[in-house]
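Q: Structure below; questions to follow.
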Amino acid sequence: MSARPRLLEADHLVMEFGARGVMREKQTVQAVSGVSFYIDEGETLALVGESGCGKSTVGRLALRLLEPTGGSVRFEGTDLGSLSPSELRAIRRKMQIIFQDPYASLDPRMKVYSIIAEPLVTHRVYGAKRETEARVRELMSRVGLGPEQIDRYPHQFSGGQRQRIGIARALALNPKLVVCDEPVSALDVSIQAQILNLLSDLQEELGLTYLFISHDLGVVRHISDRICVMFLGRLCETGPTEDIFRTPLHPYTKFLLEAVPKPDPHLRKEKKALLAGEMPSPVNPPPGCRFHTRCPESGDICAQVTPEMRSFGARQAACHFIR
Amino acid sequence: MDTADNGTLSIKNLSTHFFTRRGIAAAVDDVTLFIPKKSVVGVVGESGCGKSVTALSVLRLVSRPGRIVSGSVSLGGEDLLAKSPAEMRQIRGSRISMIFQEPMTSLNPVYTAGRQVMEAMMIHGGTGKAEARDRTVEMFRAVGIPEPERRFRAFPHQLSGGLRQRVMIAMAMVCRPSLMIADEPTTALDVTIEAQILHLMKELQETFGTSIMMITHNMGVVAEICDYVYVMYAGKIVEQAGVFELFDDTRHPYTLGLLGSIPRHGSPKGRLLGIPGTVPSLLDLPKGCRFSPRCDRAERYCSEREPEMYEVAPGHKVRCFHCSGGSKGGSP
Numbered sequence: 235m236s237a238r239p240r241l242l243e244a245d246h247l248v249m250e251f252g253a254r255g256v257m258r259e260k261q262t263v264q265a266v267s268g269v270s271f272y273i274d275e276g277e278t279l280a281l282v283g284e285s286g287c288g289k290s291t292v293g294r295l296a297l298r299l300l301e302p303t304g305g306s307v308r309f310e311g312t313d314l315g316s317l318s319p320s321e322l323r324a325i326r327r328k329m330q331i332i333f334q335d336p337y338a339s340l341d342p343r344m345k346v347y348s349i350i351a352e353p354l355v356t357h358r359v360y361g362a363k364r365e366t367e368a369r370v371r372e373l374m375s376r377v378g379l380g381p382e383q384i385d386r387y388p389h390q391f392s393g394g395q396r397q398r399i400g401i402a403r404a405l406a407l408n409p410k411l412v413v414c415d416e417p418v419s420a421l422d423v424s425i426q427a428q429i430l431n432l433l434s435d436l437q438e439e440l441g442l443t444y445l446f447i448s449h450d451l452g453v454v455r456h457i458s459d460r461i462c463v464m465f466l467g468r469l470c471e472t473g474p475t476e477d478i479f480r481t482p483l484h485p486y487t488k489f490l491l492e493a494v495p496k497p498d499p500h501l502r503k504e505k506k507a508l509l510a511g512e513m514p515s516p517v518n519p520p521p522g523c524r525f526h527t528r529c530p531e532s533g534d535i536c537a538q539v540t541p542e543m544r545s546f547g548a549r550q551a552a553c554h555f556i557r
Numbered sequence: 182m183d184t185a186d187n188g189t190l191s192i193k194n195l196s197t198h199f200f201t202r203r204g205i206a207a208a209v210d211d212v213t214l215f216i217p218k219k220s221v222v223g224v225v226g227e228s229g230c231g232k233s234v235t236a237l238s239v240l241r242l243v244s245r246p247g248r249i250v251s252g253s254v255s256l257g258g259e260d261l262l263a264k265s266p267a268e269m270r271q272i273r274g275s276r277i278s279m280i281f282q283e284p285m286t287s288l289n290p291v292y293t294a295g296r297q298v299m300e301a302m303m304i305h306g307g308t309g310k311a312e313a314r315d316r317t318v319e320m321f322r323a324v325g326i327p328e329p330e331r332r333f334r335a336f337p338h339q340l341s342g343g344l345r346q347r348v349m350i351a352m353a354m355v356c357r358p359s360l361m362i363a364d365e366p367t368t369a370l371d372v373t374i375e376a377q378i379l380h381l382m383k384e385l386q387e388t389f390g391t392s393i394m395m396i397t398h399n400m401g402v403v404a405e406i407c408d409y410v411y412v413m414y415a416g417k418i419v420e421q422a423g424v425f426e427l428f429d430d431t432r433h434p435y436t437l438g439l440l441g442s443i444p445r446h447g448s449p450k451g452r453l454l455g456i457p458g459t460v461p462s463l464l465d466l467p468k469g470c471r472f473s474p475r476c477d478r479a480e481r482y483c484s485e486r487e488p489e490m491y492e493v494a495p496g497h498k499v500r501c502f503h504c505s506g507g508s509k510g511g512s513p
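Protein chains in written order, with the numbering used here: chain A, 235 to 557; chain B, 182 to 513.
This is the structure:
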């Protein structure tokens with residue numbers, strides 16, 4: 235695994251959004267507060283967490299679709315923050331994104347051909363239209379769309395097929411990194427399986443690297459090599475997928491894994507360890523460890539000192555009480 | 182088990198069709214379903230399988246161009262399809278209640294949470310204002326809403342998704358219905374909140390003896406909370422069994438496909454079983470078995486004749502020519 239070159243490295247990313255409160259007073263939403271991670275070529279790193287934990291924001295920061303308030307992202311060793319707009323545009327050919335909602339992410343007035351060809355046209359990849367069309371057809375067959383569908387509009391497709399169109403568009407420029415932001419959450423399970431299989435096949439054939447953002451732990455376990463668990467803008471735990479699922483270290487990870495309804499009635503528990511309370515607000519996050527207000531294991535130190543990420547074998551976790 | 186009189190709800194041969202300009206869509210087609218007292222019965226399937234329309238048919242809330250065309254629905258032995266609209270209004274909310282997927286859109290944004298729950302009681306329970314208020318606060322406490330007196334005065338937008346769903350459940354339970362229909366109640370919630378809500382529903386079901394009809398697409402939710410399960414595909418029930426039997430001795434290829442589509446513990450990284458193709462349009466259903474075009478076991482006769490429900494074990498029925506397990510009946 236160490237033989238793989240590092241593709242992307244995020245260092246202490248911070249993202250704050252300005253907002254207005256009910257009395258129109260200025261507020262700061264601390265969406266991401268010091269998140270560091272890396273992705274090696276050809277691997278799948280999953281970002282998991284509940285709504286509002288900042289996982290999608292991290293995905294957008296990784297592509298520099300958002301300008302971070304602090305921290306840096308290096309792609310193949312190049313600091314994205316140091317690039318001019320035209321250099322950034324050139325490097326973006328190597329990084330693409332697939333969105334959650336296949337209904338909202340495709341322009342309803344464009345035909346499939348124009349949707350998939352758009353990145354090719356924007357980046358002036360081919361001179362002749364004939365070449366562009368040949369590439370679009372190749373991409374369509376690669377993602378499992380029939381050649382007769384090239385002149386159809388998005389509304390003529392089912393959700394699963396629309397997601398295939400989105401995938402074809404993301405692959406048009408032969409990217410190295412694809413950020414998948416909840417790519418299967420809006421789909422029925424049987425279709426979800428088809429799309430997950432497609433993503434695995436494409437990774438194998440094209441050597442793609444995925445940053446896979448999802449709240450579905452079953453999906454994450456299936457598809458990822460490593461996981462970053464996020465809670466309220468910070469990382470709780472990172473490490474190899476199977477290690478985390480077998481023996482979660484961080485108290486939040488434990489609750490999260492316990493909460494997932496398992497598709498096996500024999501695993502039903504009379505008493506599940508339930509996480510009490512609600513997610514604290516990112517406008518006014520708790521001091522110290524952000525999880526301490528809901529954590530049954532918290533002590534005095536948790537409210538005062540922010541726990542740093544510490545290494546435990548192949549894993550890292552941010553909690554004062556892990557030995 | 183199929184004795185209608187001692188159960189909460191009994192649906193027999195129910196068909197609900199939508200008369201659209203492009204043709205007739207049989208959203209619910211000859212569905213027979215039974216909910217015993219004090220039980221949680223799951224209705225599972227993917228979008229468009231007819232699970233929600235079945236629920237709306239029970240409440241007689243199917244709107245045009247949809248219409249219940251045949252069958253019977255009885256609640257505690259009373260025929261609901263014979264009730265007048267006024268009688269149905271009395272039954273909804275008091276004897277059958279319903280909670281929906283998206284609590285924000287099912288709560289009225291301009292009234293406080295407490296007032297909306299009180300209203301249900303004042304209409305159905307005939308209680309005075311003061312008593313309704315006390316019982317609402319008590320119900321808020323029972324569904325685990327912290328600081329119930331304060332939340333009573335909160336507007337829906339001031340509550341989180343989990344709390345809103347608790348308010349919905351309080352509203353559904355406040356008149357002590359004999360049946361609660363829950364349509365994807367946890368789909369919009371985060372997993373840790375989902376676990377809380379499922380736990381709460383199970384707890385309330387045990388305390389008040391309410392039966393629950395749990396409509397979901399999530400096999401995890403089914404495994405977690407249901408006693409008995411109906412699997413629907415394209416308007417028809419294709420398999421029904423006790424929850425343990427359904428997972429341990431899955432028979433119908435569609436159910437197998439659904440379970441095989443779920444990435445889970447132990448499934449090797451790489452390929453999921455999945456189901457090829459897509460759900461057929463209700464306006465253009467395949468001949469014979471509706472699942473046959475997607476089924477890996479389909480034979481020629483599958484696309485010619487429609488299979489009946491075969492009993493493969495006590496309480497376990499399957500609509501498939503291939504699912505008799507070899508020993509008893511069921512072959513074409």
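Where a beta carbon is used, it is the ideal one built from N, C-alpha and C, also for glycine.
Please list, in chain order, the chain A residues whose beta carbon lies closer than 9 Å to that of F428(B).
A: Here the neighbours are P497, D498, P499, H500.
Q: Hey, would you say V348(B) sits closer than 8 Å to M302(B), going by beta carbons?
A: Taking 8 Å as the Cβ cut-off, V348(B) and M302(B) do not qualify as a contacting pair.
Q: Does any residue of chain A bring its CB to less than 8 Å from the CB of D371(B)?
A: Closer than 8 Å: yes.
Q: Below 8 Å on C-beta distance, what does H398(B) contact in chain A?
A: D422, V423, listed in chain order.
Q: Count the other CB atoms, across all protein chains shown, that sit within 10 Å of the CB of F200(B); report buried if there are 16 or more and exposed otherwise.
A: The residue in question, F200(B), is exposed, as its Cβ has fewer than 16 Cβ neighbours within 10 Å.
Q: Of all the CB atoms in chain A, is at least one closer than 8 Å to the CB of I326(B)?
A: No, I326(B) does not count as interfacial toward chain A.
Q: Along the alpha helix (DSSP H) that carries N194(B), what are the first and last residues, could you check?
A: Looking at the DSSP string, N194(B) is not in any alpha helix (DSSP H); the run it does join, the beta strand (DSSP E), is 188-201.
Q: Examine chain A for any beta-carbon lying closer than 8 Å to the beta-carbon of G295(B), and answer yes or no.
A: It does not; no Cβ of chain A falls within 8 Å.
Q: Work out the CA separation of E312(B) and D422(A) for me, nearest whole Å.
A: If I take the Cα positions, the gap works out to 45 Å.
Q: Taking its Cβ as the centre, do 16 or more other Cβ atoms sit within 10 Å of V558(A), making it buried, or is it exposed?
A: No information on residue 558(A) is available, as it lies outside the stretch 235 to 557 that chain A covers here.
Q: Is DSSP giving C536(A) helix, strand or coil here?
A: Correct three-state label for C536(A): helix.
Q: Determine, using beta carbons only, whether K488(A) comes closer than 8 Å to chain B.
A: By this cut-off, K488(A) is not an interface position.
Q: Would you mind working out which of M320(B), I374(B), D429(B) sits nearest G511(A), comparing C-alpha positions?
A: That would be I374(B), whose Cα lies nearest to the Cα of G511(A).
Q: Rounded to a whole number of angstroms, what is the C-alpha to C-alpha distance between E277(A) and A420(A)?
A: If I take the Cα positions, the gap works out to 24 Å.
Q: Closer than 8 Å by beta-carbon distance: list the chain A residues that pair up with H380(B), in chain order.
A: Here the neighbours are K506, L508.
Q: Between which two residues does the alpha helix (DSSP H) carrying Q426(A) extend?
A: That run of the alpha helix (DSSP H) goes 423-440.
Q: Tell me, please, which residues DSSP counts as bridged to G247(B).
A: In the DSSP output, where bridge partners are listed per residue, G247(B) has F199(B).
Q: Just by C-beta distance, which residues in the stretch 456-471 of chain B are closer than 7 Å to chain A?
A: Result list: I456, T459.
Q: Would DSSP call L445(A) helix, strand or coil?
A: L445(A): strand per DSSP, three-state reduction.
Q: What three-state label does DSSP hand Q334(A) in the structure shown?
A: Q334(A) falls in the coil class under three-state DSSP.
Q: Under the criterion of a Cβ to heavy atom distance below 7 Å, does P342(A) qualify as lining the ligand ATP?
A: Only the bare structure without any ligand can be found here, which leaves the ligand ATP out of the picture.
Q: Using a Cβ-Cβ cut-off of 8 Å, state whether V424(B) counts as contacting chain A.
A: It does; some Cβ of chain A falls within 8 Å.
Q: Report all residues from its chain with a CB closer than 7 Å to the CB of A185(B); omit the five preceding and five following residues, and keep chain order.
A: In this predicted model, A185(B) has a pLDDT of only 44, less than 50, meaning its place in the structure is not dependable enough to derive any value.
Q: Inspect the beta-carbon positions of M249(A) and P302(A) and report whether they are closer than 8 Å.
A: Yes, the Cβ-Cβ distance between M249(A) and P302(A) is below 8 Å.
Q: Checking the sheet assignment: what are the DSSP bridge partners for R558(A)?
A: The structure shown has nothing for residue 558(A), since chain A only spans 235 to 557.
Q: At the level of alpha carbons, what is the spacing between G307(B) and V318(B)?
A: Their backbone Cα atoms lie some 17 Å apart in a straight line.
Q: Can you list, in chain order, the residues of its chain whose CB lies under 6 Å from that of T472(A), leaving out five sequence neighbours each side?
A: Cβ within range, chain order: C462, Q550.
Q: Restricting to runs no shorter than 3 residues, where is the beta strand (DSSP E) found entirely within the stretch 412-499 of chain B?
A: DSSP runs (the beta strand (DSSP E)) wholly in the stretch 412-499 of chain B: 417-423, 491-494, 497-499.
Q: Below 7 Å on C-beta distance, what does A280(A) contact in chain D?
A: The displayed structure is made up of protein chains A and B, and chain D is not among them.
Q: Given E485(B), which residues of its chain have a CB within under 7 Å of its CB, disregarding the five upstream and five downstream residues?
A: Closer than 7 Å at Cβ, skipping near neighbours: K468, G469.
Q: Exposed or buried, which one is N194(B) when buried takes at least 16 other CB atoms within 10 Å?
A: When all chains shown are included, N194(B) counts as exposed.
Q: Flag A351(B) as yes if its beta-carbon sits less than 8 Å from any beta-carbon of chain A, otherwise no.
A: Not one chain A Cβ lies under 8 Å of A351(B).
Q: So which residues on chain A does Q377(B) lean against when the C-beta distance must stay under 7 Å?
A: Within chain A, the residues near Q377(B) are L508.
Q: Between N408(A) and chain B, is any beta-carbon pair separated by less than 8 Å?
A: Not one chain B Cβ lies under 8 Å of N408(A).
Q: Determine, using beta carbons only, whether L236(B) comes closer than 8 Å to chain A.
A: One detail in the question is off: residue 236(B) reads as Ala in this sequence, not Leu. Output row for A236(B): interface = no.
Q: Can you tell me which residues form a DSSP beta bridge with M354(B)?
A: Answer is none; M354(B) lacks a bridge partner.
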